[in-house]
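In my numbering, the protein residues as written are 55 to 361.
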């Protein structure tokens, strides 16, 4: 059987895309291996009516809503490969099953490559986060740190200062800030620590202090980091999708990629703020884009026999 669309990735972008496709009566298969980037977090914020919800509970509710639409099926497994031939996409899942689709939406997201700091994984998602708009409220007015090994530190420090007046920047031994940047930060009461970090200290994921290789330490109760973002899968690149300068899949306003029939949405774009509500909206736009393409194909003027 040939389906209308395969949605690869079961996060907010893929779920919302599948919802719009289901309501459009499109035969859709949603592939979800349940390995989300936000698995380390217990609360998701900034999504109206669901502020503070556990990400897995949000997914459960969304999948329950999808089951109302008979044209949508959920495959709880990873996609091994996607190949295009003769105008169709051949999708092979990890159990060996094969699906054929007219269109594909890539909502596979990205992975975080955390700074090279001992024990950082123990605190990430509990007291160290990457998005102040998602988690700044819960850390407001506490002594915080921006931990970064790249030039994004300056921008993040400016943003985080919106939630606290007690802020430091730690570059873990990297010379990533100009003298002008350091002077500006310190003029705003933000001290810069350029020495290497020995370890993070705390309990149950709650940061208490940062210890440096030179023997000094500074008490902190949380903070934000600037992870490097990399594609969670190679499906987009294997299909030949053009990437943006950040390594995300490049799309137009309706989620169309540089490859005909391939759409993308959510964090896999690596094109700005990473929030549930933004990813869900992009999933909706990509699904509308898929519908538009299928409708146009249906009403395409046939070539006359005389031509």
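Ideal placement from N, C-alpha and C gives every residue a C-beta, glycine not left out.
Practice item. Let me know the secondary structure DSSP gives residue 123 once reduced to three states. Key: coil
Review point. Cα-Cα, which of 130, 265, 250, 230 is closest to residue 256?
Key: 265
Check your understanding: What are the boundary residues of the alpha helix (DSSP H) that residue 345 is part of?
Key -> 330-352
Point to revise | Other residues of its chain near residue 249: CB distance less than 7 Å, five sequence neighbours each side excluded | key: 227, 266, 267, 268
**Study point:** Delimiting residues of the alpha helix (DSSP H) encompassing residue 74
**Key:** 66-77
Check your understanding: First and last residue of the alpha helix (DSSP H) that includes residue 234?
Key -> 233-241
Check your understanding: Do you know offhand how far residue 350's Cα is from residue 343's?
Key -> 11 Å
Review point. Apart from the five residues on each side of it in sequence, which residues of its chain come closer than 6 Å, Cβ to Cβ, to residue 85?
Key: 62, 129, 133
Check your understanding: Would you say the stretch 214-233 touches the stretch 148-157, given that touching needs at least three Cβ pairs under 8 Å?
Key -> no
Exercise for review: On a CA-only basis, which of 252, 347, 205 is nearest residue 171? Give me that one, please.
Suggested key: 252
Practice item. Taking only the alpha-carbon atoms, compute the straight-line gap between residue 108 and residue 353 and give it to the nearest angstrom. Key: 43 Å
Review point. In terms of residue numbering, what span does the beta strand (DSSP E) encompassing residue 166 cover?
Key: 164-167
Review point. Does the distance from the CB of residue 155 to the CB of residue 336 come in under 8 Å?
Key: no
**Study point:** Beta-carbon proximity list for residue 361, same chain, < 6 Å, skipping 5 on both sides
**Key:** Bear in mind that the predicted position of residue 361 carries a pLDDT of just 48, short of 50, making it unreliable; the figure below should be weighed with that in mind. Nothing listed; no residue qualifies.
Exercise for review: On a CA-only basis, which of 73, 141, 118 is nearest residue 314? Give me that one, please.
Suggested key: 141
Point to revise | Own chain, CB closer than 8 Å to residue 119, minus 5 neighbours either side, in chain order | key: 73
Exercise for review: Starting from the Cα of residue 216, find the closest Cα among 195, 234, 305 and give me that residue.
Suggested key: 195
Practice item. Pick out the complete beta strand (DSSP E) segments inside the stretch 170-212, 3 residues or longer, and give them in chain order. Key: 198-201
Check your understanding: Where do the ends of the alpha helix (DSSP H) carrying residue 293 lie?
Key -> 289-293
Review point. Relative to the C-alpha of residue 238, which residue among 198, 220, 208, 143 is closest?
Key: 208
**Study point:** Every unbroken alpha helix (DSSP H) inside the stretch 99-123 [4 residues or more]
**Key:** 109-120
Exercise for review: Would you check if the distance between the CB atom of residue 180 and the CB atom of residue 280 is smaller than 8 Å?
Suggested key: no
Point to revise | Straight-line Cα distance separating residue 324 from residue 288 | key: 14 Å
Practice item. From the DSSP output, read off the bridge partner residues of residue 137. Key: 144
Check your understanding: Is DSSP giving residue 58 helix, strand or coil here?
Key -> strand
Point to revise | Selected residue, minimal CA-CA separation from residue 285, among 192, 276, 160, 164 | key: 164
**Study point:** Own chain, CB closer than 7 Å to residue 105, minus 5 neighbours either side, in chain order
**Key:** 99
Review point. Under 8 Å between the Cβ atoms of residue 333 and residue 65?
Key: yes
Review point. DSSP three-state call for residue 299: helix, strand or coil?
Key: coil
Check your understanding: What are the residues that DSSP puts in a beta bridge with residue 82?
Key -> 59, 126
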